Amino acid sequence: METEKIGVREFRENLAGYLESGKPLAITRHGETLGYFIPAQKRSHKAEIAAMRAAAKDLDAMIAEWGASEEELMKEYKAIRRSGREKKRAAT
Numbered sequence: 002m003e004t005e006k007i008g009v010r011e012f013r014e015n016l017a018g019y020l021e022s023g024k025p026l027a028i029t030r031h032g033e034t035l036g037y038f039i040p041a042q043k044r045s046h047k048a049e050i051a052a053m054r055a056a057a058k059d060l061d062a063m064i065a066e067w068g069a070s071e072e073e074l075m076k077e078y079k080a081i082r083r084s085g086r087e088k089k090r091a092a093t
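Rendered as structure tokens:
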């Protein structure tokens, strides 16, 4: 795979697109190579879905082991969120 050369300013301005493209890049400034962007191997969409399903299955098993109801979990979740927002407000 050939490495494309791009300027540091262009890289910064279009970072999200370059991260998604998966192409290796040589980052330059004034024609001098500063460094290289070499993307990590992308996992397939199917692998990501399988990993999420496995995590959901594990979470369901943990919830069943705790014996917690959906209402109890939601109540606790909302309390944690509320506490986090209050701490954030107090800090500002």
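The numbering used here applies: residue 2 is where the sequence shown begins, and numbers increase by one.
Built from N, CA and C at the ideal position, the CB exists for glycine as well.
Only a predicted model underlies this, so the values are computations on that prediction, with no experimental measurement involved.
| Asked | Found |
| --- | --- |
| Could you tell me the boundaries of the beta strand (DSSP E) in which Gly18 lies? | Here Gly18 belongs to no beta strand (DSSP E); instead the alpha helix (DSSP H) covers Leu16 to Ser22. |
| Looking at Thr34 and Ala41, is the spacing between their C-beta atoms short of 8 Å? | no |
| Give the DSSP bridge partners of Arg30, in chain order. | Glu33 |
| Within this structure, are the beta carbons of Lys1 and Thr29 separated by less than 8 Å? | Only positions 2 to 93 of the chain appear in this structure, which leaves residue 1 out of reach. |
| Note down the Cα distance separating Leu20 from Trp67, rounded to an integer number of angstroms. | 41 Å |
| Please report the straight-line C-alpha distance between Glu77 and Arg90, rounded to a whole angstrom. | 20 Å |
| Please tell me whether Leu74 and Ile81 are closer than 8 Å, where the distance is taken between their beta carbons. | no |
| For Ile7, which three-state DSSP category applies? | strand |
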